[in-house]
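Enquirer: Those protein sequence lines, which keep their order, are chains A, B and C. When you line the first sequence up against this note's numbering, it's residues 515 to 705, in that order. When you line the second sequence up against this note's numbering, it's residues 13 to 131, in that order. When you line the third sequence up against this note's numbering, it's residues 1330 to 1899, in that order. Think of the CB as a built atom: it goes at the ideal place given N, C-alpha and C, for glycine as much as any other residue. All values derive from a computational prediction rather than experimental measurement.
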Amino acid sequence: MTSRPIATTRSVMGVPTGRLAVWWVLASEIVLFGGLLGSYVMLRLRHDAWADQSANTSTWAGGFNTLVLLTSSLLAVLAHQAAERGDGQKAARLLRYTILGGGVFLMVKALEWTHEIQAGFTITSNLFWSFYYMVAGLHAAHVVAGMVMMFIVSLTAARNEELHRVENVGIYWHFVDVVWIFLFPLLYIAK
Amino acid sequence: MTVLTPHTRADAPHHDQTNYVAIWGVLCALLGISIVGPMFGVRLLTLVTAFGIAIVKAYIVCAYFMHLKIEKKWVAYILGFMLALMLVFFGGTAPDVLERDGQQWRKTYVEPATLGGER
Amino acid sequence: MSNHAGHAEPAHNDEGFIKTYLWSTDHKVIAMQYLFTGMLMAIIGGFTVYVFRMQVAFPGEAVPLFGRVSAGQYNSLVTMHGTIMIFWVAMPVLLAAFGNFLIPLMLGCDDMVFPKVNRLSYQIFLLSAVVLVASFAVQGGAFGGAWTAYPPLSASGEYNLTPYGATLWVVAVALEFVAFLLGGVNFVTTAMNSRAPGMRMFDVPIIVWMIVIASILFMASVGPLIAGAVMLLFDQLLGTGFYDPATGGDPILWQHLFWFFGHPEVYVVMLPAVGIVAEVIAVFSRKKLFGYRTIVYTALATGVISFFVWAHHQFIAGIDPRMASLFSVTTLIISVPIAEMIFVYIATLYGGSITLATPMLWALAFVAEFLIGGVTGIFLGAAGADIYLHDTFFVLAHFHYTFFPIAIISAFAGITFWFPKMFGRMMDERLGKIHFWGTIIAFNVIFIPLFITGVAGDHRRIFDYSGFPDLATPELQYLRIIATVGLLVLLAFQPVFFFNFVRSLVRGAIASPNPWRSNTLEWAAPSPPPHGNFAELPEVYRGPYEYSTEGREEDFWPQHIPGSAPGAGQ
């Protein structure tokens, strides 16, 4: 049992400390992705010719990946539901399925990118592609971070300990999903 | 030993009865519409289905999966404030970065012609 | 719920040196780590300015302890000076050190809510400092593209001549941002959730408010710059063209991304400084802080408005002139809440029973010097005047009249004030006063001439003015030399502080828990506080500024002493 300061157990604002911290992390991530996507939108509006570049992204891959992330979000919130009921084993299992979803997402991405790079659409071939790889790459890094965190949480959850962390890591994962919800139309649909 | 922080949300029953699968179904349907939308080739329809639906999907995920709907209100205000800041950033930067041409500088970049021919 | 947290034993000798001082999760130890790292970086930052000012004053002459300064080295020196002083001195000392040390103590807690994350954030910060200092040693030297790193200069090694330094600079800054984001979450969550029982929002000391608001400001503004930094890194390393017009990119995009953060950043460092001054002024006037709520609302207003002013740094960069008008208006508006804070401090002093101890001298100097910085900012906020003044030494003198009070004066106020609490000993007052007067007088001797040379047309970041016939006059050179002599005097007085600091650590008079007779909770803990801070976690009964309350015999009334009517209890 980790020696936790008494400070961590207080909850003056009525929101548990761990969850409050996740909200603040999300707040700072909103401006990170917001700045990035805002910059992309400005330049996209400036360069009509990017439509010809973005026509080469695969809407089906993007759509499938959106489905994958939405499903993984479902699994994450079901994990939270299980944790609420005190069922740590079930929560841990559902978290692992969520991680699997993240893995599928990354695999599809890898295949997508391989295909696009082989077709000649590299990060330097056009500024559209520079943004494409960078933004999706930064998102993918957040996916990986989420997968790692969920794995760590699933270890303690399986022992029915620290179950509140299931919800907290879930909130982070939902945010990763929301970012993709906006990336999908920006990079794949708005052609 | 279960260290489950008690929820201080008055609304949520002790056992969460929400049908998350149904919500997921709605999200998938919306996803489907946003993919089908561009196939009509109508620009306005594409934008509405693509981005309008994205906003709706994001709202649903935030409200129901993240439970923002039953969270303390000020949490949503903090997040909303961050979003508003992004609008400020966009508003202050777009007059410069969105512009293709200017009056006081010579543009050396040649915009490639669009294959589509559209605006 | 237990209120007993203190382990009354002294420094954990049984845990070994490493666990106690290098690998600790104790917020006080982490605070000291940030403080000492910041002070070390200040020495490096001070050295850079010594070298490049000597070059300006005596162009072409070999600078003692450095040698002859080349044009490229000059660029590196000015870049690193700005970068180091803002990100590796002001922020770690004001925000991380004081925040870490004071927040749990002032809120009556035993530690921050996430001690391990706290330790991690320092380690990432230390790594960032190492990366930055290492950049001095790489081929080409440290980054020479100015702390604002505008592309294409910063994106192309061909232009900035410091390709390796440039990339290390971006990496170091990015790591520093991550460290402060982690720290910020810790600070804000602790302050929101872990207050002592009885401590309402408006019973929280002003400095905690300021540090929290500053942390939120940082969190809300740094995202776009992190995005921009990734883009810059890709431009540097991968040959992308985010900021390159030739690929359809836009260098102005970087400027906006940078300054959208850069302007709130100055308030990120200003607010804790202003908070330190508030605490010191209240204690040494023995008077209730005037307008506590006003100060809080003003700080919040300043924070919000600070997001609407950023392009005043870009007035002549070619931005849309209509936006320039807009940003002019917002910039002039933001001077109002800050001026209000100054008025409130003066109102606190008025009628107070003032003791001019060293911390108070620093606090008063902050008010006076910052005032000069503030009013000169108004000239720069007006876009029309800025057309002439941009990139001149007038700008530089303006921001040193704000930054120096922030990073140096308030830091000395805070260190001299909280030294007894941090280390259990008193600093020497006489040495403190000598250090104070030497620093303050020399500071003004440096920067007043620079206002004059700036208005006369001195551009910033110029290695040698002999190439500018209008500026290479004996009169202007004379002023540049005076400024540099002022700097030498300033630097010469700093060993007085270090000597005082070290000697007091070892041989200073033992400090009682509350030598300044202050109300806030940190003074209820022993000096220095043990692991866990309080033998029994305090409860709070009133606000932090009940000084000279009517009906009370004592002129102070600590927050944790029970009683609601003056005269009851001690």
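Do the region 96 to 104 of chain B and the region 32 to 44 of chain B touch if we need at least three Cβ pairs shorter than 8 Å?
Expert: As far as the Cβ criterion goes, the region 96 to 104 of chain B does not touch the region 32 to 44 of chain B, which means the pair count is below three.
Enquirer: Taking 8 Å as the CB-CB cut-off, is T126(B) touching chain C?
Expert: Taking Cβ atoms only, chain C never reaches closer than 8 Å to T126(B), which makes this a no.
Enquirer: Kindly indicate if chain A contains any beta-carbon less than 8 Å away from that of W117(B).
Expert: Taking Cβ atoms only, chain A never reaches closer than 8 Å to W117(B), which makes this a no.
Enquirer: Is there at least one Cβ from chain C nearer than 8 Å to V87(B)'s Cβ?
Expert: False, the Cβ-Cβ gap to chain C never drops below 8 Å.
Enquirer: Report yes or no: is there a C-beta of chain C within less than 8 Å of the C-beta of L97(B)?
Expert: Cβ-Cβ to chain C under 8 Å: yes for L97(B).
Enquirer: Using a Cβ distance threshold of 8 Å, determine whether the region 1724 to 1744 of chain C contacts the region 1775 to 1785 of chain C, with at least three qualifying pairs required.
Expert: Contact holds: three or more Cβ-Cβ distances are below 8 Å.
Enquirer: Whole angstroms are fine: how far does the CA of P107(B) sit from the CA of D1649(C)?
Expert: Their Cα atoms are separated by approximately 6 Å.
Enquirer: CB-CB under 6 Å to I1775(C), same chain, minus the five flanking residues each way: which ones, in chain order?
Expert: Around I1775(C): A1812, G1815 and L1816.
Enquirer: Should S1399(C) be labelled buried (16 or more other beta-carbon atoms within 10 Å of its own) or exposed?
Expert: Exposed.
Enquirer: Could you check if E1487(C) is buried or exposed, using at least 16 other CB atoms within 10 Å of its CB as the buried criterion?
Expert: Counting Cβ neighbours within 10 Å, E1487(C) comes out exposed, since fewer than 16 surround it.
Enquirer: Against chain B, with Cβ distances strictly below 8 Å, would P1574(C) count as a contact?
Expert: With 8 Å as the cut-off, P1574(C) counts as an interface residue toward chain B.
Enquirer: Where does I637(A) fall in DSSP's three states?
Expert: Coil at I637(A), not helix or strand.
Enquirer: For I544(A), which option in A1475(C), V1551(C), G1702(C) and L1618(C) has the closest C-alpha, if you only look at C-alpha atoms?
Expert: Considering only alpha carbons, the answer is V1551(C).
Enquirer: Counting C-beta neighbours from all protein chains within 10 Å, is the total for L1351(C) 16 or more, i.e. buried, or is it exposed?
Expert: Under this definition L1351(C) is an exposed residue.
Enquirer: Could you please give the first and the last residue of the uninterrupted alpha helix (DSSP H) stretch that includes N1515(C)?
Expert: Taken as a continuous stretch (DSSP letters only), the alpha helix (DSSP H) holding N1515(C) covers P1492 to N1522.
Enquirer: Taking just the CA atoms, how far does E1868(C) sit from S1833(C)?
Expert: Roughly 32 Å separates the two Cα atoms.
Enquirer: Just checking my contact of I666(A) with A66(B) at CB under 8 Å: how many whole Å lie between their CB atoms?
Expert: Rounded, the Cβ-Cβ distance is 31 Å, inconsistent with contact.
Enquirer: Any idea what DSSP makes of T1721(C), helix, strand or coil?
Expert: Reduced to three states, the DSSP call for T1721(C) is strand.
Enquirer: By alpha-carbon positions, which one of T1878(C), I1737(C) and I1645(C) ends up nearest to Q116(B)?
Expert: The residue with the shortest Cα to Cα distance from Q116(B) is I1645(C).
Enquirer: Is there a Cβ from chain B that is less than 8 Å from the Cβ of D1579(C)?
Expert: By this cut-off, D1579(C) is an interface position.
Enquirer: For D1355(C), count the other beta carbons within 10 Å of its own beta carbon; 16 or more makes it buried, fewer makes it exposed. Which is it?
Expert: That one is buried.
Enquirer: Residues in the region 97 to 111 of chain B with C-beta within 8 Å of chain A's C-beta atoms, listed in sequence order?
Expert: Answer set for the region 97 to 111 of chain B: L97, M98, F101, F102, T105, A106, V109, L110 and E111.
Enquirer: Who are the neighbours of T641(A) on chain C, taking C-beta pairs under 9 Å?
Expert: Before going further, note that residue 641(A) is Leu rather than Thr in the sequence given. Those are T1569, G1570, F1571, D1573, T1576, G1577 and G1578, listed as they occur along chain C.
Enquirer: Where F642(A) and T1576(C) are concerned, what is the direct C-alpha to C-alpha distance, given to the nearest angstrom?
Expert: Approximately 10 Å, taken between the alpha carbons.
Enquirer: List, in chain order, every chain C residue whose beta-carbon is nearer than 8 Å to that of M94(B).
Expert: Within 8 Å Cβ-Cβ: A1549.
Enquirer: Just the chain A side, please: which residues come within less than 9 Å of M1560(C) by C-beta, in chain order?
Expert: Residues of chain A passing the Cβ test: L550, S553, S644, F645 and M648.
Enquirer: Among S1856(C), A1360(C) and T1705(C), which residue has its Cα nearest to the Cα of T1731(C)?
Expert: Looking at the Cα atoms, T1705(C) is the closest of the given residues.
Enquirer: Around the Cβ of P1824(C), are there at least 16 other Cβ atoms within 10 angstroms (buried) or fewer (exposed)?
Expert: So P1824(C) counts as exposed.
Enquirer: Please determine, among V1603(C), I1662(C), I1359(C) and P1492(C), the residue with the shortest C-alpha to C-alpha distance to A1692(C).
Expert: It is V1603(C).
Enquirer: May I ask you to report which of helix, strand or coil DSSP gives H1356(C)?
Expert: Note: H1356(C) maps to helix in three-state DSSP.
Enquirer: Residues in its own chain within less than 7 Å of E1758(C) by CB, not counting five upstream and five downstream?
Expert: So the qualifying residues of the chain are A1686 and T1687.
Enquirer: Nearest chain B C-beta to P1553(C) closer than 8 Å, yes or no?
Expert: Yes, because at least one Cβ of chain B sits closer than 8 Å to the Cβ of P1553(C).
Enquirer: Measuring alpha carbon to alpha carbon, tell me which of I1373(C), I1810(C) and C1438(C) ends up nearest A1864(C).
Expert: Closest option to A1864(C), Cα to Cα, is C1438(C).
Enquirer: Within the continuous alpha helix (DSSP H) that includes N682(A), where are the two ends?
Expert: That run of the alpha helix (DSSP H) goes H678 to F698.
Enquirer: Pick out whichever of L1455(C), A1556(C) and E1594(C) has its Cα sitting closest to the Cα of W1583(C).
Expert: Nearest option by C-alpha distance: A1556(C).
Enquirer: Note down the Cα distance separating W1766(C) from N1773(C), rounded to an integer number of angstroms.
Expert: Roughly 11 Å separates the two Cα atoms.
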